[in-house]
Each structure stands twice: as C-alpha cells, then as structure tokens.
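> Heads up: the sequence lines are chains P and E, in that order.
Under our numbering, the first residue of the first sequence carries the number 1, and numbering increases by one thereafter.
Under our numbering, the first residue of the second sequence carries the number 1, and numbering increases by one thereafter.
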Amino acid sequence: MMNVALIALIILWWALITYAVLGGADFGAGVWDLFAVGRLADRQRDLINHALGPVWEANHVWLIFLIVGLFNVFPSAFSALSIALFFPFTLALLGIVLRGAAFIYRYYAVDTKGWFARSWGRIFSFSSLLTPFFLGGSAAAVASGQLLPPNGIANATYIVSRISPFVLTIGAMAVTLCATIAAVYLTVEIMDTEHDRELAESYRLKALIAGATTAVLGALGLALSSIESPILWHGMLIRAWPVVITTMIIGLATAITLYARYYRAARVLIIAETAFMLGAWGLAQYPYIIPVDYTIDNSANAANVITAVLIALVCGMIIVIPSLYYLFSVFKLPSPAPGLQRHANEQKEPIERIEHSN
Amino acid sequence: MSNLLAARAQMGTSLAFHIIFSALGVGIPLLLCVVEGLALRTKNPVWMMLTRRWARAAAILFAIGAVSGTILSFELGLLWPTYTKFAGAVIGLPFLLEGFAFFTEAIFLGLYLYGWDRLSPRAHWLCSFPIWISGLASAWFIVSANSWMNTPAGFVIEHGKIVGINPLQAIFNPSTPYETVHMILACYVATGFAVAATYAFAFLRGKRSEYYRKGLMVGILMAVIATPLQIISGDFNARYLADYQPIKFAAMEGVFHTEQGAALKIGGLADPNTGQIHYAIEIPKGLSLLAYLNPDATIKGLDGVPRQDWPNALLVHSSFDGMVASGMFGLLVALLFWGLYWFKKRTFPENRLLLGGIVLAGPLAFLAIELGWMVTELGRQPWVIYGYLRTKDAVTTAPWLNVSFLVFSLVYVLLSAALIWLLLQVAHRPLPQVKVVREGYQVTEPTIADTEEVGV
Chain P
1 MMNVALIALI ILWWALITYA VLGGADFGAG VWDLFAVGRL ADRQRDLINH ALGPVWEANH
61 VWLIFLIVGL FNVFPSAFSA LSIALFFPFT LALLGIVLRG AAFIYRYYAV DTKGWFARSW
121 GRIFSFSSLL TPFFLGGSAA AVASGQLLPP NGIANATYIV SRISPFVLTI GAMAVTLCAT
181 IAAVYLTVEI MDTEHDRELA ESYRLKALIA GATTAVLGAL GLALSSIESP ILWHGMLIRA
241 WPVVITTMII GLATAITLYA RYYRAARVLI IAETAFMLGA WGLAQYPYII PVDYTIDNSA
301 NAANVITAVL IALVCGMIIV IPSLYYLFSV FKLPSPAPGL QRHANEQKEP IERIEHSN
Chain E
1 MSNLLAARAQ MGTSLAFHII FSALGVGIPL LLCVVEGLAL RTKNPVWMML TRRWARAAAI
61 LFAIGAVSGT ILSFELGLLW PTYTKFAGAV IGLPFLLEGF AFFTEAIFLG LYLYGWDRLS
121 PRAHWLCSFP IWISGLASAW FIVSANSWMN TPAGFVIEHG KIVGINPLQA IFNPSTPYET
181 VHMILACYVA TGFAVAATYA FAFLRGKRSE YYRKGLMVGI LMAVIATPLQ IISGDFNARY
241 LADYQPIKFA AMEGVFHTEQ GAALKIGGLA DPNTGQIHYA IEIPKGLSLL AYLNPDATIK
301 GLDGVPRQDW PNALLVHSSF DGMVASGMFG LLVALLFWGL YWFKKRTFPE NRLLLGGIVL
361 AGPLAFLAIE LGWMVTELGR QPWVIYGYLR TKDAVTTAPW LNVSFLVFSL VYVLLSAALI
421 WLLLQVAHRP LPQVKVVREG YQVTEPTIAD TEEVGV
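#1: From E:Phe141, E:Met48 and E:Phe203, pick the residue whose C-alpha is nearest to that of isoleucine 358 (chain E); which is it?
#2: Thinking C-beta only, is arginine 106 (chain P) closer than 8 Å to leucine 117 (chain P)?
#3: For the region 61 to 79 of chain P, which residues have a CB atom closer than 7 Å to at least one CB atom of chain E, in sequence order?
#4: For threonine 460 (chain E), which three-state DSSP category applies?
#5: CB alanine 210 (chain P) to CB isoleucine 170 (chain P), shorter than 8 Å?
#6: Per the DSSP calculation, arginine 53 (chain E) is bridged to which residue(s)?
#7: With a cut-off of 8 Å, does the C-beta of leucine 130 (chain P) fall near any C-beta of chain E?
#8: Select from E:Leu293, E:Ser147, E:Ser409 and E:Trp54 the residue whose C-alpha is nearest the C-alpha of leucine 109 (chain E).
#9: Quick one: which chain E residues come within Cβ less than 9 Å of proline 336 (chain P)?
#10: Would you mind stating whether methionine 252 (chain E) and glycine 65 (chain E) have Cβ atoms separated by less than 8 Å?
#11: With burial defined as no fewer than 16 other Cβ atoms inside 10 Å of the residue's Cβ, what is the status of asparagine 59 (chain P): buried or exposed?
#12: Determine the extent of the beta strand (DSSP E) in which tyrosine 441 (chain E) is found, giving its start and end residues.
#13: Helix, strand or coil for alanine 270 (chain E)? Go by DSSP, reduced to three states.
#14: Leaving out five residues before and five after threonine 295 (chain P) in sequence, what residues of the same chain have Cβ atoms less than 6 Å from its Cβ?
#15: So which of E:Tyr114, E:Ala139 and E:Arg118 has the shortest CA-CA distance to leucine 96 (chain E)?
#16: Could you round the C-beta distance between glutamate 158 (chain E) and serine 134 (chain E) to whole angstroms and report it? I think they count as a contact, below 8 Å.
#17: Please name the residue in P:Ile270, P:Glu189, P:Val216 and P:Asp293 whose C-alpha comes closest to that of isoleucine 48 (chain P).
#18: Note down, in chain order, each residue of its chain lying with its Cβ closer than 7 Å to the Cβ of threonine 213 (chain P), except the 5 sequence neighbours on either side.
#19: Looking at chain E, is there any beta carbon in it that lies within less than 8 Å of the beta carbon of glutamine 341 (chain P)?
#20: Does the beta-carbon of asparagine 345 (chain P) have 16 or more other beta-carbons within 10 angstroms, so that it is buried, or is it exposed?
#21: Do you know how far the Cα of arginine 122 (chain P) is from the Cα of tyrosine 108 (chain P)?
#22: Check for me: the alpha helix (DSSP H) holding valine 324 (chain E) runs from which residue to which?
#23: Between which two residues does the alpha helix (DSSP H) containing tryptophan 383 (chain E) stretch?
#24: What three-state label does DSSP hand glutamate 350 (chain E) in the structure shown?
#25: In this structure, does DSSP put isoleucine 165 (chain E) in helix, strand or coil?
#26: Tell me the residue span of the beta strand (DSSP E) that contains valine 457 (chain E).
#27: When you compare only the Cα positions, how much space is there between leucine 40 (chain P) and phenylalanine 172 (chain E)?
#28: Interface residues of chain P around valine 426 (chain E) at Cβ under 7 Å?
#29: Tell me, which residues are paired with isoleucine 281 (chain E) by DSSP?
#30: Between the C-alpha atoms of valine 407 (chain E) and glutamine 442 (chain E), what's the straight-line distance to the nearest angstrom?
#31: If I measure Cβ to Cβ from tryptophan 80 (chain E) and keep anything under 8 Å in the same chain, skipping five residues before and after, which residues do I get?
#32: Taking the alpha-carbon positions, what's the isoleucine 220 (chain E) to leucine 340 (chain E) distance?
#33: Closer than 7 Å by beta-carbon distance: list the chain E residues that pair up with isoleucine 83 (chain P), in chain order.
#34: Can you list the residues of chain E that serine 323 (chain P) reaches, using a CB-CB cut of under 9 Å?
#35: Name the chain P residues that come within less than 8 Å of arginine 118 (chain E), Cβ to Cβ?
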C-alpha cells in the first residue's frame, strides 16, 4: 500500500508543476516586458497588463500552497531547506514581492507614461527576471545532493561554496523556460483578443528563440549533472530516462507547432513539456526530499497528520479547482462561461443565468 | 544588533505592515458586497460610484496585502526554522486551509476587479461573496494558529519527540474562540472607521454631495455595529486571559505581585525594577471586580514565574491601555454620530468637531490593532510556543540578519511611499460617471482632462 507521505508528495509535485506553468508564465511575461522596446513597445505592455491583471494573484497562491504544504508534510526537511537556502530564498522573496507590487503600481498608475509607471515597470521586469533564476538555482542546488554539508546539518553559508556551473545553468534555464511559456501563451492571447498579426508574429519568434535556448541549457544541465549531480544523474539513468526522452520529444513538437502557427496546440504542448521536465526531476530524485540526508520516510510528519492534510487538500480542491476553471474560462478560454454579459447591439440584456457551477 | 533581535525586528515590522492590509482585506470586501448590492437594488447610481471607487483602491491594497503576506510565509521558515519544524508538525493544517482561503479570495478578486465588462451585474455581485467569506476564513485560520502559540495543545512531548499529534485539538486550542473573534471584529471596526474617516475628511474640505455622505455613513454604520461587539469580546478575552494566560494578563494590567482585591491601574508606566506603575490612575479592587466579578478575587502577578520568564511589562501594559483607549474613543465617536443623526430626525450631522473626531478615529482604529497585536505577541515572550520553545532557541543560524532586516525595512519604506502616493493620485481622479440603464449600469471613467467632480 502506498504511504500517505508519498501521496502528499505527489500532490505537492503537481502543485509545483502548476506553479511553474501558471506563475512561471507571469514571470516570463515580466521578462518580455524588459525587451519591449521600439515601435511595438506600448502594445506589448498593454498586452502584458491585460494578460496578467486578472490571474497573477491566483497564480501566485500556488507558491504559498507549496510552502505550507511542504511544512505540513515534511516539517524537518522544510526547516533544513529554510536554513540551507536562506540567501537564494531571501533574494527570490524580494523578487516576488517587488514583482507583485510593481505590477500593480504600474497597472493602476494614473499617468501610464509618467516616471512613476516607468520606474515600477523596470522594477517589475527586473524582478521577474531574477526570481525564476534564484528559484531554479535553488532547485538545482537541492537536486545536486550537495546542499547540506557532510555532517548533514543545514548551514546558510555552505551554499556559497557549492555554486557550480550546474546550478547556474539550471537557474538560467528556469528564466528561459518561463519566457518560453509566456511567449507561447501570449501568442494565443493576441490571436484571441487583439487579432494583431504583427504582434503575434513577434511573440512566435520570441517563443522559438527562448525555447531553443531552453533546450540548449537543458542539454547542458543534463550533461553537467553527470559530473556535478551524481544522484540526479543516476536516477535519470535507472528510472527517469523514459520521461527525459519524452520531454525532449515534446519540446521538439512544441517547436514544430509554433513554427507552423498552431498556437493552441503549442500552448498545450509547452504545459506538457514543463510537466514532464519537472516530473523527470522528481522521479530521478526519488526517494529523497533533500539528497542525501532527508528522505520521504525520515522527514515525513506523523501519518495521522498527513491524512488530515490529504482530507483538507481534497476539500480545498473541491472549492478551488472549479473556481479556477471559472476564472480562466471568463478571461482566458474560448469556452462559454455562465454569468457573462451579452454584448448584443451595445445594449445590455437581462441575464438569467447567474450560477457559478460548471 | 544581535541575530535574535534582528529577526524579531524583521518579523515584527513585517507583521505590523501586513496586518493593515489584512484588516482591510477582511473588511472592504464586505462593504463592497453591501454597496454593490444596494446599487443593484436601489438603482441609485451613487452606490455604484462608491463600489467602483472602492474596488479600484481595493485592487491596489489587496495586491500589497498578498505580497506582504508572502513575506510572512517565507519568514516563518527563513527566520524561525526551529519554530516551523515544531509548528509545521502540529499546527500546519490551518496554514494550509488559509492557503485555500487565500486561493479562493485571489480567484474571485480577479473576477471581481477585472470582470466589470465581462460579467453580468448580478454575476459580478455574486463574486463578492466568496471574497468576503474567504477573507473571514483566512483571518480565522491564521489567528487560530497564533492562538496555538499562546496556548499550545494537541500533542505531547515524549523523550524530546513530539508525539500523539491531534491537528483538530491544536486548531481548537483554548485561545482560539477568544482570539479569532476579537481579531475579526477588529478588521470590521478598523475598515469601518477608515472609510468613514476618508469621507469625513473630504466632507470637512467642503465636499458635501450625496456621494460623500453615503460613503461616510456606510463606513460608520459598520463601525457602530462592530465596535460595541468588539468591546464585549475584549472583556471576554481579558477574563479568559486571567485564567489561561495569567502572566500575559499580569503584564497587561501591570500586576507584579499576586494579590487579593487588585486595583485596576489605568495608564502610567510599568517599572519592573520597582514593581510599580508610575502615574497610573488607580481604581481600588477594580481589576478583581472586572476579571472575576468579585472585588476580593486573587489576581496572579508576574512574580508567579521567574524573572527571566517575564514579558516586557512596560510595553505590554502601555500597549494594552492604548488599545482600549483607542477603542473607547471610536465607540464614543460612532455613538455620537448616530445619536445626533436620530436626534436631528435623520439629518446628516455636520458638526465639525464630530467630523474631526471621525477623521481621528480612522488611524486610531489601526493603532488599536497594532497595539493589540503587541499585547498578544510581546505578552507571550520570551516564548514563541508558550512553555515549549523559547524565541531565542527558534531563531535561524543564518548570518547577517541585521542586513536582512535593513533590506526588508527599506522595501517596506519604498512600498509604503509608493502606495500612499498612488492612492492619493487615485483619490484625486474625477469620480466615475454612472448612468442607470436597463438591467444594470453604464460606467465611464472620465480621463483627467475632462474633470468635473474631483475627489476620493
């Protein structure tokens, strides 16, 4: 029988993937904001504002969910991670805070072209660039199996001596992956709402470039892991290789659909790509939470507490998932949602359907 | 600055900052729900103007609330890893449930704040319900976790290990019913006075249209309902604390020595070295009477525990008195307003002194929240989990916490300055133009150029 800690870990990993494909896209959009220069700049900024506005806060909650989930299910590992990753987490936290605040300050600035909006716009894009780098680098430091010193006691400064090409490569890959996801989503968004071919073409090209960079960095990371991250590499060889190969195939398929301008298909594929990539990491690292000192078994909370957590998760998801679906169907998906306005002849008609249910 | 002090300073600053936004995050959605409901029902465009105006401010305030809350969830681990290891095992569940409440809140906020042109008026209004309900739930969950830190329950320690964990017992620890109710009411009190104060200020500056009067009255209506309940809840809390957290209670009331028929000491400065309260007003036997309805009841003093386990009596006593005084001032102002309103046969009281009092009650209500938290948190010291884990043993081993404190303090200064500037800008925008159309409203946000009516 599967133990409850493993079930909880799988759910947390799924939340990690969801954060990467939703929250990651919001960071990626911030990265593109940095490159929004020249003739299309204003149109791009408007697009990014519209794309992020209704959803960024909900997307961000996946991170909170991950943090509280981890400290419920693996409290001792959470505590060790908090010490060992003190510096990268503090920097990522500053990035997360400034990103969110800067986005909203820019969005609601009364003068959208004034110094206030422009300065916060800069802060928004720089913090969107730095946050995924530190989060990705932290993940790589965990996966490397060398986050904790040989005595197994977490130490905040130890990580400084463990900064390796592998860690830096994965940090950079996290940035380009976010940028790729964002560019793919934005092409769909442009075609759905603005019907602006010129802008869509520009984001298609950006997605292809960022995607290719991600592939190169990913391959480099994989190669480096054989030297710098033996546990991960070993796990890839014995367990995760089919997932790694699938990730590569999906990556290629994403590029092909983008090239052929099947944007909706590319959106599905880039989500799958991210899921498989993070899935491969999880599978390769099994059964460690922090290799090699913290495993699922030795760091899991009492089984009855985890069971209570799982029950809470199910109850919570029953509320959250339909609500999320409703949010995305109102703003992002083509499917008709209940409770929408009818725009018939510019005149508002009475609307009877008001239920939230799906 | 020592690492412990730096960590406490950073945590305290973060909480003091975040709590303002979380109080507004609980209170404003309920007001939005009420005014938008009135707009749909009465077809009076002024209600819709208020809704639109508050929603714009809410979008900014709630985003800052979300990011400052994120800081706290990280800081629990980054600053207090030993605490999280202990608390995560026992009282993690309400944090997770709060995560779901935050989720629901964020989802429906997205729909509410950005869905004006997409959702039908009724669907839009319905989206405000999950927001205020989940805001309420969030507050309850987080405060139940804090209650557990004051009166830990739902586990036993055997051979240095935590065993026999019962998450439900931990959530429903003895403090939970008292603390959660007191905090949630505080959110409504503070939001009500904040809104009332804003419009009272505008009114004093000569803006007297229906829009400003209605805005003020909705705010002070919420305040006049919540404040008396809050004072009753405060009384329950004090009597509960006298039994279950006697050391905190002793620090609050400045009782250094266990005594029968203790006097109530109002104001003054507690001096732990002499065991006296200087410059206080004393009501003989008042404290025993208030706490136990018996003038000769025994009140436990700080001398019940060793000196090293005393909280800072000076700060706790003064904070407590400041909180109570702010609350009483709010009650007075709110009652005067409604008293005058009924006495003058339902006309809006325009007494400048009273309106000035309402302006003052806004910031005082938030001061009361801050001081109340100082009573709770400082009153628990030197423990982080009362009786089990000392604050000094919970702090991280990471170095340079004073640098971290400095950096985060600068971030708070930057965020606050920008926020105040932006809110003032938004407040000076011309009011939205609302027209009633069939089955709804047509709202146009005028640009700055065609200014007609400006303000708040």
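Note that beta-carbon positions come from the ideal geometry of N, C-alpha and C, so glycine has one too.
In short:
#1: E:Phe203
#2: It is worth fixing the name first, because residue 117 (chain P) is alanine in this sequence and not leucine. Going by C-beta atoms, alanine 117 (chain P) is nearer than 8 Å to arginine 106 (chain P).
#3: Val61, Ile64, Phe65, Ile67, Val68, Gly69, Phe71, Asn72, Pro75, Ser76, Phe78 and Ser79
#4: Outside the modelled stretch of chain E, which goes from 1 to 456, sits residue 460 (chain E), for which no answer is possible.
#5: no
#6: According to DSSP, which records beta bridges pairwise, arginine 53 (chain E) is partnered with nothing at all.
#7: no
#8: E:Trp54
#9: None at all; the shortest Cβ gap to chain E is about 12 Å.
#10: no
#11: buried
#12: 440 to 444
#13: strand
#14: Pro287 and Tyr288
#15: E:Ala139
#16: Actually they are not in contact, since the Cβ atoms of glutamate 158 (chain E) and serine 134 (chain E) sit about 38 Å apart, beyond 8 Å.
#17: P:Glu189
#18: Thr176
#19: yes
#20: For asparagine 345 (chain P), the pLDDT reaches just 33, beneath the cut-off of 50, and the residue's location in the model is therefore unreliable, although a value from the coordinates is still provided. Asparagine 345 (chain P) should be labelled exposed.
#21: 15 Å
#22: 313 to 343
#23: Counting along the chain, tryptophan 383 (chain E) falls outside any alpha helix (DSSP H), though it belongs to the beta strand (DSSP E) covering 383 to 385.
#24: coil
#25: coil
#26: For residue 457 (chain E) there is no data in the structure shown, the boundaries of chain E being 1 and 456.
#27: 56 Å
#28: Tyr108 and Val110
#29: E:Ile266
#30: 46 Å
#31: Ala7, Met11, Val384, Ala394, Val395 and Thr396
#32: 13 Å
#33: Pro81, Thr396, Thr397 and Ala398
#34: Phe103, Thr104, Ile107, Phe108, Leu111 and Pro130
#35: Val330, Phe331, Leu340 and Gln341
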